[in-house]
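Numbering-wise, the sequence shown is residues 16 to 468 according to this note's numbering.
Backbone N, C-alpha and C define an ideal beta-carbon position, used for all residues, glycine too.
None of these values were measured; they are calculated from a predicted model.
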Amino acid sequence: MFHRDSFNKHRVRELKVGEVKGKGPVIYWMSRDQRVADNWALIYAKLKANEHKVPLRVVFTLTPAFPAANLRHYDFMLKGLAEVEKSLALEGIPFNLLRGEPAEQLWEFAERVEASLIVSDFDPLWVKRDWKSQLNQRITIPHHEVDAHNVVPCWYASPKLEFGAYTLRPKIKKHLSTFLTDFPDVKLQCKSEPNLHLTRWHEVLVWLNVSDEVKPVKAFEAGENAAHAMLSEFISLRLKGYAEKRNDPTLEWQSNLSPYLHFGQISAQRVAIEVLKAPVPEADKQALLEELIVRRELSDNFCFYNPGYSRFAGFPDWAKESHRIHRFDVREYLYTLNEFEIAHTHDPLWNAAQLQLVNKGKMHGYMRMYWAKKILEWTTCPEEAMRFAIYLNDKYSLDGRDPNGYTGIAWSIGGVHDRAWPERPIFGKIRYMNFEGCKRKFDVEKYIMMNLG
Ligand SMILES: Cc1cc2nc3c(=O)[nH]c(=O)nc-3n(C[C@H](O)[C@H](O)[C@H](O)COP(=O)(O)OP(=O)(O)OC[C@H]3O[C@@H](n4cnc5c(N)ncnc54)[C@H](O)[C@@H]3O)c2cc1C
Numbered sequence: 016m017f018h019r020d021s022f023n024k025h026r027v028r029e030l031k032v033g034e035v036k037g038k039g040p041v042i043y044w045m046s047r048d049q050r051v052a053d054n055w056a057l058i059y060a061k062l063k064a065n066e067h068k069v070p071l072r073v074v075f076t077l078t079p080a081f082p083a084a085n086l087r088h089y090d091f092m093l094k095g096l097a098e099v100e101k102s103l104a105l106e107g108i109p110f111n112l113l114r115g116e117p118a119e120q121l122w123e124f125a126e127r128v129e130a131s132l133i134v135s136d137f138d139p140l141w142v143k144r145d146w147k148s149q150l151n152q153r154i155t156i157p158h159h160e161v162d163a164h165n166v167v168p169c170w171y172a173s174p175k176l177e178f179g180a181y182t183l184r185p186k187i188k189k190h191l192s193t194f195l196t197d198f199p200d201v202k203l204q205c206k207s208e209p210n211l212h213l214t215r216w217h218e219v220l221v222w223l224n225v226s227d228e229v230k231p232v233k234a235f236e237a238g239e240n241a242a243h244a245m246l247s248e249f250i251s252l253r254l255k256g257y258a259e260k261r262n263d264p265t266l267e268w269q270s271n272l273s274p275y276l277h278f279g280q281i282s283a284q285r286v287a288i289e290v291l292k293a294p295v296p297e298a299d300k301q302a303l304l305e306e307l308i309v310r311r312e313l314s315d316n317f318c319f320y321n322p323g324y325s326r327f328a329g330f331p332d333w334a335k336e337s338h339r340i341h342r343f344d345v346r347e348y349l350y351t352l353n354e355f356e357i358a359h360t361h362d363p364l365w366n367a368a369q370l371q372l373v374n375k376g377k378m379h380g381y382m383r384m385y386w387a388k389k390i391l392e393w394t395t396c397p398e399e400a401m402r403f404a405i406y407l408n409d410k411y412s413l414d415g416r417d418p419n420g421y422t423g424i425a426w427s428i429g430g431v432h433d434r435a436w437p438e439r440p441i442f443g444k445i446r447y448m449n450f451e452g453c454k455r456k457f458d459v460e461k462y463i464m465m466n467l468g
C-alpha cells in the first residue's frame, strides 16, 4: 500500500499554516485539475483524510463571472465535471458544486461541514491567486496547495523568473527522475454514503446564463475518457514523426491535447509516462517532452513570477526599449478588433488562422506565432496588440485563458523567452515572421483552403 511518507512533500505548499483538528472532512477544492485519475492534489487530500481518519469531499466553485469564459468553455468544463462527479461517487467521495463568489462560497461550506483542512490545486494566474488569498483571510483551518499540473512543482523547479527554456531546462531535467514517477492508487478509508442526487448539470448551464455567441465545438469531446482516447490516438497515429511534422499546419500532426491539459482533464505527467513507453523513435519522444514539460512548465514559471504576464510591463527590458524606439513607425495596415475578429484582413493566411481558431476552437501551434506577430504589425502599439491577441485567444480557444497563452503571446509580441533579432520597422528587435517564410515551410494555399469553411 502507498504510504503517505512516499508522497513528495515538495509538491505541497502550506498557504495557511495550522494544525488539522477535529473530525470534519478534508475538502479538496478542485479547480485547475479537473480529473480523478492521476491527480496529485486528490491523492494528497486522500492521504490527509486517511491520516486523520476523516472523510473527504471534493468541491468545485463555479462563478458565471470567470474572466473571458463563455459557452464554449463552460460546456466543455461542465461535461468534464459531470464525469468527475460520477467517478468520485464510485470511490465514496461526495462532490459538491458551489455556485457564486468562490472564496465566500467555499468559506461558508467549510464552516457548515466543519472541515478540518482545505487542499487546493496550484494555478499561477491572478484570478485563482486572488480567490485563495480572499479565502485565507476568512478561514481558521489550514490550507495546503498541491502542484498537480506540473511534473516538477513550479516553485521547486525554480525559485525565480527564468530567462528562457535554456535556463529552466537543466533545472527541470535535474529533478525529472524524482518527480516523473507513476501515480499511486490510494484508497480512501473513511468513505461517505453516495450522494442521492447527482448535480443537474443542464440546470447549472441555465443558471450560468452565459451568452451563446461562442458555440461549443464538435472537434473536441469533453472529459477524462475523451482525453485518454485522444492520447491513445496520438500515440498510435501521430507520435511517430512528431519531431518533423508538428510544425506543418496542413498535416495536423500535433497531439490535440491542449484543451484537456488546460482544463486538467488529463495529467501532463500521465502523457509523459505513456509517451516514454511508446515504440517510436527517441527524437519524437524528446520533441514532445520538450513541449509538454519544458515549454509548458516555463509558461507557469513566467506567470507565477512575473505579475505583468499579460501586459507590456511583463516584457524584458531590451524588448520594451526596442518597442519604445519603434512605437511610432508607420503601419501599412491597421485593423480594428472587430476586423480581426471577423477575419477581414488583407492576408488570406492570417484570416484562415483566425477562422480555424473561431470554428475549431484551436489554432495550429505554428500559425499561432504568425497570427500574434501580425497583430503586432497591424495595430497601433504593442499594448493594443497584446490586448487584441489575448482577447481573441481567450474568447475562442478551448485551451485559452492559460499560462501557455499569455506566455506564447508575450513571446510573439514582447520577446519573452526569446533573444534580440536584427532590427526592422515596427518589430524592432522582436523576431519577425512573414507570408513568404510560411510559403517556404508549408503549403500555404492548402492551409487556407482547409480553413475557409
Ligand atoms: C501566440 C500563441 C498563443 C498560444 N496560446 C496557447 C493557449 O492559449 N493555450 C495553450 O495551451 N497553448 C498555447 N500556445 C502554445 C502552443 O501553441 C499550444 O500549446 C499547442 O499548439 C497546443 O496544441 P497541442 O496540444 O496539439 O500541442 P502539441 O504540439 O501536441 O504539444 C503538447 C503539449 O505541449 C505543450 N506545448 C506545446 N507547445 C508549447 C509552447 N510553445 N509553449 C508552451 N507549451 C507548449 C502544450 O501543453 C501542448 O498541449 C500558444 C502559442 C503561441 C505562440
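- With DSSP run on the structure shown, which of helix, strand or coil describes Asn466? coil
- Message: Taking 6 angstroms as the cut-off, is the beta-carbon of Gly415 closer than that to any non-hydrogen atom of ligand 1?
- Response: yes
- Is the CB-CB distance between Ile390 and Phe403 below 7 angstroms? yes
- Would the C-beta of Glu177 count as close to ligand 1, meaning under 6 angstroms from any of its heavy atoms? no
- Kindly indicate which three-state DSSP category Arg31 falls into: helix, strand or coil? According to the sequence shown, residue 31 is Lys rather than Arg. It is a strand residue.
- Simplified DSSP state of Ser135, which is helix, strand or coil: strand
- Message: Any heavy atom of ligand 1 closer than 6 angstroms to the beta-carbon of Gly380?
- Response: yes
- Query: Does ligand 1 have a heavy atom nearer than 6 angstroms to the CB of Ile424?
  - Reply: yes
- Taking Glu336 as part of the alpha helix (DSSP H), name the residues at either end of that continuous run. Asp332 to His341
- Item | Cβ-Cβ distance between Phe235 and Pro209 below 7 angstroms | no
- Spatial distance of Asp344 from Thr394 (CA atoms): 11 angstroms
- Message: Just to check my reading of the structure: Arg87 and Val229 have Cβ atoms closer than 8 angstroms, yes? What is that Cβ distance to the nearest angstrom?
- Response: 5 angstroms
- Query: Bridge partners of Arg72, per DSSP?
  - Reply: Ile42
- heavy atom of ligand 1 below 6 angstroms from His387 C-beta: Per the sequence presented here, residue 387 reads as Ala, with His not at that position. Under cutoff, so the answer is yes.
- Message: What does the alpha-carbon distance come out to for the pair Leu252 and Asp48?
- Response: 27 angstroms
- Candidates His25, Ile340 and Pro418, of which the one nearest His190 by Cα: His25
- Message: Measuring only from the beta carbon, is Gly420 closer than 6 angstroms to any heavy atom that is part of ligand 1?
- Response: yes
- Message: Let me confirm a value: Leu105 is counted as buried when at least 16 other C-beta atoms fall within 10 Å, else exposed. Which label applies?
- Response: exposed
- May I ask whether a heavy atom of ligand 1 can be found less than 6 angstroms away from the beta carbon of Asn23? no
- Query: With Cys396 and Arg311 assumed to form a contact (beta carbons below 8 angstroms), what rounded beta-carbon distance in angstroms separates them?
  - Reply: Rounded, the Cβ-Cβ distance is 30 angstroms, inconsistent with contact.
- Sorted by chain position, which residues of the same chain lie with C-beta nearer than 7 angstroms to Asn366's C-beta, five sequence neighbours on each side aside? Ala358 and Thr360
- Item | Pairwise C-alpha distance: Glu347 and Asp162 | 46 angstroms
- Are Leu276 and Ala283 close, meaning C-beta to C-beta below 7 angstroms? yes
- Item | Gln301: CB within 6 angstroms of a non-hydrogen atom of ligand 1 | no
- Message: Does the structure place the stretch 369-389 close enough to the stretch 324-335 that three or more beta carbon pairs sit under 8 angstroms?
- Response: no
- Message: For a test of your reading of the model: does the CB of Asn271 fall under 6 angstroms from any non-hydrogen atom of ligand 1? Yes or no.
- Response: yes
- Task: Have a look at His158 and Pro440 and give me their C-alpha separation to the nearest angstrom.
- Result: 51 angstroms
- Might you give, ordered along the chain, the residues of its own chain that have their beta carbon closer than 6 angstroms to the beta carbon of Lys31, omitting 5 neighbours on each side? Asn151, Pro157 and His158
- Query: So who's on the other strand from His158, going by DSSP bridges?
  - Reply: Lys31 and Ile133
- So, is His432 buried or exposed, given that buried needs 16 or more other C-beta atoms within 10 angstroms? buried
- Relative to ligand 1, is the shortest distance from any of its heavy atoms to the C-beta of Arg285 smaller than 6 angstroms? no
- Taking the CB atoms as reference points, tell me whether Tyr43 and Val69 lie closer together than 7 angstroms. no
- Message: Which residue wins for smallest C-alpha separation from Phe317, given the options Lys461, Lys175 and Thr76?
- Response: Lys175
- Item | Pair within 7 angstroms by beta-carbon distance, Gly39 and Ser173 | no
- Message: Less than 7 angstroms between the C-beta atoms of Phe278 and Gly95, yes or no?
- Response: yes
- Three-way DSSP call (helix, strand, coil) for Arg114 in this model: strand
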